[in-house]
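Student: Okay, handing you the structure first.
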Amino acid sequence: MSYAIEVESLRFRAGSFELKDVDLHVPTGSIYGFLGPNGSGKTTTMRLVLGLLRPLAGRIAVLGHAMPEDGPRVLARVGYVPEQPHLDSTLTVREIITFQAAFYPTWHRAVAEDLLRRFELDERRLFARLSKGQKAKLMILLALAQRGELLVLDEPTDGLDPVVRRDILAALLEYVSLRKATIFISSHLVHELERFCDWVAVMDDGRVVTEVPMERLKQGTKRLIVSGAPPSERTGETPFVVLSRERANGATERWIVGEWEPEMTAYFEGVGASLVDVIDLDLEDGFVELLRSFRAARG
Amino acid sequence: MFYDVDSRSPVPLYAQIAERVRLAIATGALGSADALPSVRQLATELRVNPATVVQAYRDLEAQGFVEIRHGAGTFVRELAPGRRARERSHQATALVRKLLADARRMGVSLAELQKAIEDEVGVKTP
Amino acid sequence: MFRVILFSQWKWSRLIVVAGSIAGFALPIISMQGASADRGALQAQELLRAAQSWGTLYPVLAAALGLLVAIATWAADHRGRHIHALTLPLPRWRYVLLRFGAGVTLLAGPMLAVVLGAVLATVTATIPPGLQGYPIALALRFAIAVLVAYAVFFAISAGTARTAGIILGAIGALILIQILATLANVDLDLWGTLQVVMLNWPGPFAVFTGRWMLVDV
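Structure follows, in structure tokens:
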């Protein structure tokens, strides 16, 4: 398995904010979602991956090359869409496209023209005069026309209306269908990512909570209705991860668990409890529970 | 045909897509030698990972419903005459299973269910 | 790559460059206003005085051009917090070099304007006997002054806020040391020494001092 991005034991500090022991493995050709609440360190991690910041400790490899040492060479193959618009506000759309094209030998003019038309961008408009959605579309256009093998997108649809979001996501998915590429996309909109991500990493307060295939996170997080469960100290080793437990009514409890598999019902018989029901959880609910238990465990 | 897929359902997305295609074939909406939407088209339309569509199409090919011709697209195969009928019967069974499971969960008895069906259809079932 | 960088810098600083070119062209011509055939020896004195007083504007124009073009070069980068430039696939030093080169290319405009204006002024004016025109020398000196100013301000603007802080801190430290030395009655003239070192040849800022004479003896 080759990885488009490999991060190991990453550490970074800026003021009072700290990234600790961040490990990420983005498989080549995957669509990898990076979830986490605002301020959890997603943007900082992405900047470290691209060589915009220097880590305190740890190892970063992008497309097989060490970062930030091999920066320019790698960046020629990486399309980046940052959180905030970063382009020159005094240039027009056409001038920005021409500027960008000059730096990338792999630039595909036909793609740029096609997206310009599809995104309905007026090429003579100054960047400063574009709406938020149009700015986002332009930045996506630049990343896609560059034809890189890796796209790093930091909350590309944040704050945009649903129509623009759809247009952008459609363009991204079309890109991946036409070209073998890896997408590393961050968002705090869980429901948006769950449709198309193969992998997902969840980040909270500078640490990685979990890194799993999306299916496992979706299917594995369940709400269990348990009756006659032993108190916490006596549950012993569970084959699943208990994220939370609360009393429902009478002797029944509501458990939220992760990494559940159907065969695990046997566990309950083993401890003298009975499993009344297994309820599928919305990924968003599961995500919230995951964070809650992670924070509680950290104290 | 390909309305939306439900990302919240426990059924994996690729399975949902394959299901829709089988349904379309069973009802005749997709005839023999008809082309399925391209991977790119379906992925962007449904906003799912192209790999998901590929997996659905591969499953369908393994089950003998379609044929993937590299570079040309994916096409519905010429199906043996009984195949469509069999597929429709599978769909019917799945519908009934779901109905029975829902009824059980709601506490509706088999007799009540049968009466309701008869009332709706207007015919006494034997 | 150079072409697009040059274009973007042109867009940012075209007003400055055009205004500077007009000023650079007009300055020598205006300074030679008084020269005409039907005046006598008294005129030579007047002419020299005029050349000297107008001459003080050359270093000011050079410094202003250097400063404004340098600021215009980096303003957009600072606004976007350097993210765009840092994600471009070329090493930082190459990017900085390209920007520097673009600025120099644009400044060629005003420099050329001074050459043309000075030559035109000395050729069309009637210079009294005993005096000579030095258009090329003046224009060359102007060009060097512009480049020096641009280089210095470019270096300061290209750095991060931290670098600018370091430079200002160093200047502040010098001032502090000077104050302490004066209070302690230690014979130390830092600024005087610095002035001598920098402003006298071969110091970098020597080009700005002295008299700028389009015509002289």
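Protein chains in written order, with our numbering: chain A, 10 to 308; chain B, -10 to 115; chain C, 3 to 219.
For glycine and all other residues, C-beta sits at the position ideal for the given N, C-alpha and C.
How do the segment 6 to 18 of chain C and the segment 75 to 85 of chain C stand: do at least 3 beta-carbon pairs fall below 8 angstroms, yes or no?
Tutor: The answer is yes - the segment 75 to 85 of chain C touches the segment 6 to 18 of chain C, with three or more Cβ pairs under 8 angstroms.
Student: Alpha carbon to alpha carbon, how far is Met3/C from Pro112/C?
Tutor: Counted from its first residue, the third sequence places residue 3/C at position 1. Counted from its first residue, the third sequence places residue 112/C at position 110. In a straight line, the C-alpha of Met3/C is about 24 angstroms away from that of Pro112/C.
Student: Quick check on the DSSP output: the beta strand (DSSP E) that includes Leu114/C runs from which residue to which?
Tutor: Looking up residue 114/C in the third sequence gives position 112. Not the beta strand (DSSP E): Leu114/C falls in the alpha helix (DSSP H), residues Arg94 to Thr126.
Student: Comparing the C-beta of Thr89/C with each C-beta of chain A, is any distance below 7 angstroms?
Tutor: Position 87 of the third sequence, counted from the first residue, corresponds to residue 89/C. It does; some Cβ of chain A falls within 7 angstroms.
Student: Taking the C-alpha atoms as reference points, what is the distance between Val251/A and His74/A?
Tutor: In the first sequence, counting from the first residue as 1, residue 251/A sits at position 242. In the first sequence, counting from the first residue as 1, residue 74/A sits at position 65. Distance between the alpha carbons of Val251/A and His74/A: 39 angstroms.
Student: In the structure shown, what three-state DSSP assignment does Ser(-4)/B receive?
Tutor: On the second sequence, position 7 is the one that residue -4/B refers to. In the structure shown, Ser(-4)/B sits in coil (DSSP, three-state: anything other than H, G, I, E or B).
Student: State the Cα-Cα distance for the pair Lys227/A and Leu290/A, rounded to the nearest angstrom.
Tutor: As a working note, residue 227/A is residue 218 in the first sequence. As a working note, residue 290/A is residue 281 in the first sequence. Computed Cα separation, rounded: 8 angstroms.
Student: Would you call Asn47/A buried or exposed, if buried means 16 or more other Cβ atoms sit within 10 Å of its Cβ?
Tutor: Locating residue 47/A in the first sequence gives position 38, where the first residue counts as 1. Looking at its Cβ environment, which holds fewer than 16 other Cβ atoms inside 10 Å, Asn47/A is exposed.
Student: Using a Cβ distance threshold of 8 angstroms, determine whether the segment 20 to 32 of chain A contacts the segment 150 to 167 of chain A, with at least three qualifying pairs required.
Tutor: They do not touch, by the three-pair rule.
Student: CB-CB under 8 angstroms to Gly17/B, same chain, minus the five flanking residues each way: which ones, in chain order?
Tutor: Here residue 17/B refers to the residue found at position 28 when the second sequence is read from its first residue. Excluding positions up to five away in sequence, the list reads Arg73.
Student: Identify whether Pro94/A lies in helix, strand or coil by the three-state DSSP scheme.
Tutor: In the first sequence, the residue the question calls residue 94/A occupies position 85. In this structure, Pro94/A counts as coil in the three-state DSSP scheme.
Student: Rank Gly60/B, Ala105/B and Val65/B by C-alpha distance to the C-alpha of Leu49/B and give the top, closest one.
Tutor: Translated into the one-based positions of the second sequence, residue 49/B becomes position 60. When only C-alpha atoms are compared, the closest one is Val65/B.
Student: Using the Cβ count rule (16 or more neighbours within 10 Å means buried), how would you classify Asn187/C?
Tutor: One-based indexing of the third sequence puts residue 187/C at position 185. Looking at its Cβ environment, which holds fewer than 16 other Cβ atoms inside 10 Å, Asn187/C is exposed.
Student: Which one of Phe102/C, Thr195/C and Val125/C has the shortest CA to CA distance from Phe278/C?
Tutor: Outside the modelled stretch of chain C, which goes from 3 to 219, sits residue 278/C, for which no answer is possible.
Student: Using a Cβ-Cβ distance cut-off of 7 angstroms, determine whether Leu61/A contacts chain C.
Tutor: Residue mapping note: residue 61/A aligns to position 52 of the first sequence, counting from 1. So, interface residue.
Student: Going by DSSP in three states, Leu28/A sits in which element: helix, strand or coil?
Tutor: Here the question's residue 28/A lines up with position 19 in the first sequence. Three-state DSSP puts Leu28/A in a strand.
Student: So, at 7 angstroms on beta carbons, what are the nonlocal neighbours of Ala154/A in its own chain, with the 5 sequence-adjacent residues on each side left out?
Tutor: Reading the first sequence from its first residue, position 145 is the one you call residue 154/A. The residues are Trp116, His117, Val120, Ala121 and Leu124.
Student: Any contact between the segment 33 to 43 of chain B and the segment -2 to 8 of chain B? By contact I mean 3 or more CB pairs, one from each, below 8 angstroms.
Tutor: At 8 angstroms Cβ cutoff, the stretches touch.
Student: Does DSSP put Glu17/A in a helix, in a strand, or in coil?
Tutor: As a position in the first sequence, residue 17/A is number 8, starting the count at 1. Of the three classes helix, strand and coil, the one that applies to Glu17/A here is strand, per DSSP.
Student: Alpha carbon to alpha carbon, how far is Val106/C from Arg175/A? Give it in angstroms, no decimals.
Tutor: Residue numbering aside, residue 175/A sits at position 166 when the first sequence is read from its first letter. Residue numbering aside, residue 106/C sits at position 104 when the third sequence is read from its first letter. One C-alpha to the other measures close to 46 angstroms.
Student: Under 7 angstroms Cβ to Cβ from Arg63/A, same chain only, skipping five residues before and after it: list those, please.
Tutor: In the first sequence, the residue the question calls residue 63/A occupies position 54. Only Pro77 meet the Cβ criterion.
Student: Which one or two residues does DSSP pair with His59/B in a beta bridge?
Tutor: Sequence index remark: in the second sequence, residue 59/B carries index 70 (1-based). Answer is none; His59/B lacks a bridge partner.
Student: Along chain B, which residues have their Cβ under 9 angstroms away from the Cβ of Arg175/A?
Tutor: The count along the first sequence starts at 1 and reaches residue 175/A at position 166. Under the 9 angstroms cutoff, chain B gives Arg36.
Student: Is Gly22/C close to chain A, meaning its C-beta is less than 7 angstroms from at least one C-beta of that chain?
Tutor: Against the third sequence, residue 22/C aligns to sequence position 20. No, because no Cβ of chain A sits closer than 7 angstroms to the Cβ of Gly22/C.
Student: List, in order along the chain, the chain C residues whose C-beta lies closer than 9 angstroms to that of Ala111/A?
Tutor: Within the first sequence, numbered from 1, the residue matching residue 111/A stands at position 102. Per Cβ cutoff of 9 angstroms: Met3, Phe4, Arg5, Val6 and Ile7.
Student: Please determine, among Gly142/A, Asp213/A, Thr53/A and Leu139/A, the residue with the shortest C-alpha to C-alpha distance to Arg301/A.
Tutor: As a first step, residue 301/A must be located in the first sequence, where it is residue number 292. Of the listed residues, the one whose Cα sits closest to Arg301/A is Asp213/A.
Student: By Cβ distance, which residues of its chain are closer than 7 angstroms to Lys189/A, with the 5 residues on each side in sequence left out?
Tutor: Locating residue 189/A in the first sequence gives position 180, where the first residue counts as 1. So the list reads Gly38, once near-sequence residues are dropped.
Student: Alpha helix (DSSP H) containing Ser245/C: first to last residue?
Tutor: What the structure shows of chain C is the stretch from 3 to 219, and residue 245/C is not part of that stretch, so it cannot be assessed.
Student: What is the residue span of the alpha helix (DSSP H) that Arg225/A lies within?
Tutor: On the first sequence, residue 225/A is found 216 positions in, with the first residue counted as 1. Unbroken alpha helix (DSSP H) run through Arg225/A: Met223 to Gly229.
Student: Short of 7 angstroms in beta carbon distance, which residues of its chain neighbour Leu69/C, apart from the five on each side in sequence? Order them along the chain.
Tutor: Your numbering for residue 69/C matches position 67 in the third sequence. Once the five neighbours on either side are set aside, the close Cβ partners of Leu69/C are Ala151 and Phe155.
Student: Quick one: which residues of the segment 105 to 119 of chain C get their C-beta closer than 8 angstroms to a C-beta of chain A? List them in chain order.
Tutor: Result list empty, no residue passes.
Student: Under 8 angstroms, CB to CB, which of the residues in the segment 139 to 155 of chain A have a partner in chain C?
Tutor: Within the segment 139 to 155 of chain A, no residue qualifies.
Student: Suppose contacts are defined by Cβ-Cβ distances below 7 angstroms. Is Phe136/A in contact with Leu100/A by that definition?
Tutor: Looking up residue 136/A in the first sequence gives position 127. Looking up residue 100/A in the first sequence gives position 91. Yes, the Cβ-Cβ distance between Phe136/A and Leu100/A is below 7 angstroms.
Student: Taking the alpha-carbon of Gly212/C as reference, which of Ser55/C, Gln47/C, Ala28/C and Ala153/C has the nearest alpha-carbon?
Tutor: To locate residue 212/C, count along the third sequence from 1; it is residue 210. Closest option to Gly212/C, Cα to Cα, is Ser55/C.
Student: Does the beta-carbon distance from Tyr46/B to Thr63/B come in below 7 angstroms?
Tutor: For the purposes of this step, residue 46/B is identified with residue 57 of the second sequence, where counting begins at 1. For the purposes of this step, residue 63/B is identified with residue 74 of the second sequence, where counting begins at 1. Yes. Within cutoff.
Student: For the segment 280 to 287 of chain A and the segment 230 to 249 of chain A, state whether three or more C-beta atom pairs, one from each stretch, are separated by less than 8 angstroms.
Tutor: The segment 280 to 287 of chain A vs the segment 230 to 249 of chain A: in contact.
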